[in-house]
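Working notes, beginning with the structure itself.
2 protein chains.
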Amino acid sequence: MQPLTAEEQSLWDAWRAASDALSQVSTEVTAATGLSEPDFEVLTRLQESAGGVLRQSELCAITGWHRSRLSHHLRRMAERGLVSRAEVPGGAEVRLTTMGRAATARARPVHADAVRRHLVQALPARDRRRLEELLRRLV
Amino acid sequence: MQPLTAEEQSLWDAWRAASDALSQVSTEVTAATGLSEPDFEVLTRLQESAGGVLRQSELCAITGWHRSRLSHHLRRMAERGLVSRAEVPGGAEVRLTTMGRAATARARPVHADAVRRHLVQALPARDRRRLEELLRRLV
DNA sequence: TCGGAAGTGTTGACGTGACAACGAGCGCGG
DNA sequence: CCGCGCTCGTTGTCACGTCAACACTTCCGA
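Rendered as structure tokens:
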């Protein structure tokens, strides 16, 4: 297997640098709200679901996380009062608490602002569409 | 602060999906060689430096890591025999071991192959150049 | 009805990463 | 010479994520 050419390496480096720059988004959300990126992910998914309730297995499917990861993380979030859990036939149910809803409401605008500053405003609309199209071909 | 528009959200989602897809690169390196992404980063930086030796502070500057992170990680890597450490006037020196060189030699082609399959070959040359240019504007 | 397979969730161990507190050496102005 | 600040590196603590092992249902066929 040949080593990467200069062009290939350069593209890879650019990717890494951009990833680094965009990691700022979750850094800012955390600094402003105390919610980590996984916290925000879980809360957002719950918020999006009707009633703020989801079966743990559904949450697992939506996020693509390992069951153990979700279990660990929900335990920590429940300890902080962001979600509550209940056993239901054949599984467990996760529910947004009032605190969880409030935290999500505080975090969402911070997140939107960070995404705009670091991603959206870095490119004019035409280039944003181009970038999105290219990104989708990587998946 | 307004919530993200559908276009903004869609771009952000595409970014996240692509990040996810490209995280496969380090997953494959780890599976094939037992080296984590940070392991590979440190070993590569040392390899690139003349003699495979760097002051810990230089390594810190090159990687952009916190000093504590580097310290923790080098301790673990030294325990596995990948690097050795020595105190020198005004700091510490990190050196590739024979095992470290061997591990790097095994990992590099695996890494190159993964980058090609997941990033390079997903796009024709013209689009690769376009993508790189867009990525650089995000930094 | 029994028994195993599939699905769901938990736990413990371990590597990883951020942050804060600490301590050693160095240099420079008083 | 003292003391102050600076860089350098280490340590402890805690949150996070993966893996393997385990436990509990549910369900389905022999």
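Chains as they are written, first to last, in the UniProt record's numbering: chain A, 1 to 139; chain B, 1 to 139. Beta carbons are placed, not taken as given, at the ideal position from N, Cα and C, and that holds for glycine. Bear in mind the structure is a predicted one, so any value in this text is a computation, not a measurement.
Do residue j and residue i count as a contact pair if the criterion is CB distance below 8 angstroms?
| i | j | result |
| --- | --- | --- |
| Q2 of chain A | A112 of chain B | yes |
| L82 of chain A | A103 of chain A | yes |
| Q56 of chain B | A92 of chain B | yes |
| S26 of chain B | E37 of chain B | yes |
| L54 of chain A | V94 of chain A | yes |
| L119 of chain B | L138 of chain A | yes |
| L96 of chain A | L46 of chain A | yes |
| A41 of chain A | V110 of chain A | Per the sequence shown, the amino acid found at residue 41 of chain A is Glu instead of Ala. No, they are not a contact pair. |
| D39 of chain B | M99 of chain B | no |
| R116 of chain A | E8 of chain B | yes |
| L35 of chain B | A105 of chain B | no |
| R85 of chain A | L70 of chain A | no |
| L11 of chain B | W15 of chain A | no |
| G52 of chain B | R101 of chain B | yes |
| S68 of chain A | S19 of chain B | no |
Please report the residue range of the alpha helix (DSSP H) in which residue i lies.
| i | result |
| --- | --- |
| L22 of chain B | 6 to 22 |
(request) At 3 residues or longer, and completely inside the UniProt domain "HTH marR-type" (28 to 128) of chain A: list those beta strand (DSSP E) runs for me, N to C. (result) Within the UniProt domain "HTH marR-type" (28 to 128) of chain A, the complete beta strand (DSSP E) runs of at least 3 residues are 53 to 55, 83 to 88, 91 to 96.
(request) Decide if the segment 126 to 137 of chain B is in contact with the segment 129 to 138 of chain A; the criterion is three or more beta carbon pairs, one per stretch, under 8 angstroms apart. (result) yes
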